[in-house]
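Down below is the structure, laid out as structure tokens.
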Amino acid sequence: MWYWKKCAQYRAKSKGFPLPPGPPRNHLIGNLLDIPSSLPWNRFLEWKYQYGDIVSVEVLGNRIILLNSIATANDLLQKRSNNYSDRLVPRMGGKLMGLDQSFTMLPLGPAWKQQRKLTHTSLSAEAVRKYFTIQEDIAALYLDGLIMNPKDFISQLRLATGRIIMSITYGFPIQTSDNLYISEAESTMRLIGESMVPGAYLVDLIPWLSRLPSWLPFNTIHKTAASGRAQIETMTLRPFEHVKCDMEAGTAHPSFTLDCLKDLQSADTYAVVLSFILAMAKYPKVQEAIKKEIDQVVGGERLPTFQDRVNLPYVNATIKEALRWKAALPLGFARTVKNDDFFQGYYIPAGSIVLSNIWAIAHDEKSGILPEEFCPERFLKNHVHETAIDPYTYVFGFGPRVCPGKSLGDNNLFALVTGLMATMNIMSPIGADGKPVNIDPQYTSGFVSHSESFDVIITPRSAQATELIKERVSHTTSQ
Ligand code: HEM
Numbered sequence: 000m001w002y003w004k005k006c007a008q009y010r011a012k013s014k015g016f017p018l019p020p021g022p023p024r025n026h027l028i029g030n031l032l033d034i035p036s037s038l039p040w041n042r043f044l045e046w047k048y049q050y051g052d053i054v055s056v057e058v059l060g061n062r063i064i065l066l067n068s069i070a071t072a073n074d075l076l077q078k079r080s081n082n083y084s085d086r087l088v089p090r091m092g093g094k095l096m097g098l099d100q101s102f103t104m105l106p107l108g109p110a111w112k113q114q115r116k117l118t119h120t121s122l123s124a125e126a127v128r129k130y131f132t133i134q135e136d137i138a139a140l141y142l143d144g145l146i147m148n149p150k151d152f153i154s155q156l157r158l159a160t161g162r163i164i165m166s167i168t169y170g171f172p173i174q175t176s177d178n179l180y181i182s183e184a185e186s187t188m189r190l191i192g193e194s195m196v197p198g199a200y201l202v203d204l205i206p207w208l209s210r211l212p213s214w215l216p217f218n219t220i221h222k223t224a225a226s227g228r229a230q231i232e233t234m235t236l237r238p239f240e241h242v243k244c245d246m247e248a249g250t251a252h253p254s255f256t257l258d259c260l261k262d263l264q265s266a267d268t269y270a271v272v273l274s275f276i277l278a279m280a281k282y283p284k285v286q287e288a289i290k291k292e293i294d295q296v297v298g299g300e301r302l303p304t305f306q307d308r309v310n311l312p313y314v315n316a317t318i319k320e321a322l323r324w325k326a327a328l329p330l331g332f333a334r335t336v337k338n339d340d341f342f343q344g345y346y347i348p349a350g351s352i353v354l355s356n357i358w359a360i361a362h363d364e365k366s367g368i369l370p371e372e373f374c375p376e377r378f379l380k381n382h383v384h385e386t387a388i389d390p391y392t393y394v395f396g397f398g399p400r401v402c403p404g405k406s407l408g409d410n411n412l413f414a415l416v417t418g419l420m421a422t423m424n425i426m427s428p429i430g431a432d433g434k435p436v437n438i439d440p441q442y443t444s445g446f447v448s449h450s451e452s453f454d455v456i457i458t459p460r461s462a463q464a465t466e467l468i469k470e471r472v473s474h475t476t477s478q
């Protein structure tokens, strides 16, 4: 009886329109077993080829809609933004660990609007120009660290991206070392990243589990939540205490404060630059072409600056390619549907989870160059008949919730990429057969996906390059 009533309600709501197509599902668990826990976006890409630009799947009663093209993402997330702009707040990361109060998770309403206005003012392309010097200085510190300890290029990159966010967000001196703030932020970042993946915890899929008493054997939900909440609170409050002390002492640097999810924002930069380093070792010809262009502009006499950017088209194409090749947020930042909707003859039920499938959009074959290759030429008109879709139109998201840190993030990439190419050689290690090793690291499956560690050989390009770095660092140390 109950079943028939439900079916009748569904028919009335869907007005007889079908759900978007998708893989056949099991009556009890839906497509749970069809979605691999590792790199699920690879399976979602197969489904794009099989079912089209909008795909529907179900996991334990949770409906997921995949938007596999720029057009569908813009049609829903931009043109119907009032209905598609609330975030999916996973039960564990959100309500239980407390991230639901963070700006990035707030529903589209007055509180979100007010904060969005503030971030827009402090992060507009014009406003972030004032951080050029900080970004160039931190890039130089990174390069200096590489001269001394090139094998450590990954943890030093974490430090550099952490430094940028800490100095811009809290006004910390740029030399903030790998002390409490950054290492603490790093482990919390991992925790947040994991807890923001929809379905990472069983309680995200079956929310009533959170009502089970904590004394039940094997019920670790409350313990996990309490420890996550404590870690996040500590990470969020500690730097504020530092700034407060500085203010009292009259030494605070000018800065703005953003949000407790800010560490994920340095994670995006970290993920993209790490993929860039990997690409440079794997694609020496691209590295050569970037260096040729930079040398023509700066002549090896100085380090590149933001003022050079307009004269570096190949570098700009490389940054696009680094954003595209292994997209850092392969499934964007999940949204939910407020009210029932109808689109292209399909029914989209209220409460569905919407994922913009950035991974699938990035696998665009318009230029005729294979999407798996790292090839900046795909964006250059004089190299291809038709250029690839510009990643700036999708890697930062869609509609009113598009990434407000787009310009700042892009500038971070420019400072680190040009600094590295102006001064360093990046090579694959040589194997026992005397040939370069084919480096093929795993990528993580979290909300931000980045490469696991790998080995490359990094050496300064010349004594003059080393001197330029030392010279720049000697000017920054006084700050
Ligand atoms: C390469 C670097 C970055 C990438 C690829 C990136 C990507 C993204 C994406 C895909 C979203 C989700 C947008 C949507 O829902 O459609 C997002 C949101 C966001 N990003 Fe970024 N981001 C980057 C850097 C930054 C930086 C540097 C900041 C801040 C300093 C930042 C701040 C934010 C915030 C606050 C949101 C949430 C906005 C909202 O919910 O209204 N991001 N980002």
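When we follow numbering that gives the first Met the number 0, the leftmost residue of the sequence shown carries the number 0, and every step to the right adds one.
Quick reminder that beta carbons are idealized off the backbone N, C-alpha and C, glycines included.
Secondary structure of residue i, DSSP reduced to three states
| i | result |
| --- | --- |
| tyrosine 442 | strand |
| glycine 144 | helix |
| serine 56 | Looking at the sequence provided, one finds valine at residue 56 rather than serine. Three-state DSSP puts valine 56 in a strand. |
| leucine 117 | helix |
| arginine 10 | helix |
| aspartate 99 | helix |
| asparagine 437 | coil |
| glutamine 463 | helix |
| arginine 42 | helix |
| threonine 233 | helix |
| glycine 161 | helix |
| phenylalanine 131 | helix |
| leucine 65 | strand |
| valine 297 | helix |
| asparagine 81 | helix |
| phenylalanine 341 | strand |
| tyrosine 48 | helix |
| glycine 108 | coil |
| isoleucine 468 | helix |
| arginine 86 | strand |
| methionine 91 | helix |
Closer than 7 Å: residue i CB and nearest ligand 1 heavy atom
| i | result |
| --- | --- |
| proline 329 | no |
| serine 355 | yes |
| glycine 484 | The first residue shown for the chain is 0 and the last is 478, placing residue 484 beyond what the model contains. |
| glycine 481 | The structure shown does not extend to residue 481, since the chain spans only 0 to 478, so no value can be given for it. |
| valine 416 | no |
| valine 394 | yes |
| arginine 115 | yes |
| arginine 323 | no |
| threonine 118 | yes |
| cysteine 374 | no |
| valine 455 | no |
| threonine 103 | yes |
| phenylalanine 413 | no |
| arginine 308 | no |
| valine 271 | yes |
Best match in the options for proximity to residue i [C-alpha to C-alpha]
| i | options | result |
| --- | --- | --- |
| serine 166 | Ala199, Gly144, Thr132 and Leu190 | Thr132 |
| serine 84 | Ser427, Arg334 and Asp99 | Arg334 |
| glutamine 113 | Asn410, Pro399, Lys434 and Gly298 | Pro399 |
| lysine 319 | Pro375, Ala270 and Ala349 | Pro375 |
| valine 336 | Thr168, Val314, Pro106 and Tyr130 | Pro106 |
| tyrosine 200 | Val88, Asn82 and Gln8 | Val88 |
| arginine 62 | Ile137, Gly161, Gly445 and Asn30 | Asn30 |
| alanine 421 | Met195, Lys290 and Asp409 | Lys290 |
| asparagine 310 | Asp294, Glu300 and Lys325 | Asp294 |
| alanine 124 | Glu470, Leu277, Phe373 and Lys405 | Lys405 |
| isoleucine 425 | Pro403, Lys281, Leu330 and Ala349 | Lys281 |
| serine 351 | Val416, Tyr2 and Leu75 | Leu75 |
| asparagine 356 | Tyr313, Ser37 and Leu44 | Leu44 |
| isoleucine 137 | Leu158, Arg377 and Ile231 | Leu158 |
| threonine 317 | Pro109, Arg377, Pro19 and Pro206 | Arg377 |
| threonine 103 | Ile53, Gly396, Val271 and Gln306 | Gly396 |
Cβ separation of residue i and residue j, assumed to be a contact under 8 Å, to the nearest whole Å
| i | j | result |
| --- | --- | --- |
| threonine 392 | isoleucine 64 | The pair is not a contact, with the Cβ atoms about 20 Å apart (cut-off 8 Å). |
| leucine 140 | threonine 465 | Wrong, their Cβ atoms sit about 14 Å apart, outside the cutoff. |
| isoleucine 34 | arginine 42 | 6 Å |
| valine 472 | aspartate 143 | 5 Å |
| isoleucine 457 | methionine 423 | 5 Å |
| alanine 278 | alanine 326 | About 13 Å; that fails the 8 Å criterion. |
| threonine 160 | asparagine 410 | No, threonine 160 and asparagine 410 are not in contact; Cβ-Cβ is about 12 Å, not under 8 Å. |
| tyrosine 346 | proline 22 | With a Cβ gap of about 18 Å, tyrosine 346 and proline 22 do not count as contacting. |
| alanine 359 | asparagine 67 | 4 Å |
| serine 265 | isoleucine 163 | 7 Å |
| serine 186 | serine 444 | Not really, about 18 Å apart at Cβ, beyond 8 Å. |
| serine 452 | isoleucine 146 | Rounded, the Cβ-Cβ distance is 20 Å, inconsistent with contact. |
| tryptophan 40 | leucine 330 | 6 Å |
C-beta neighbour in chain C for residue i, strict 8 Å
| i | result |
| --- | --- |
| arginine 228 | Given the protein chain composition of this structure (a single chain), no chain C is represented. |
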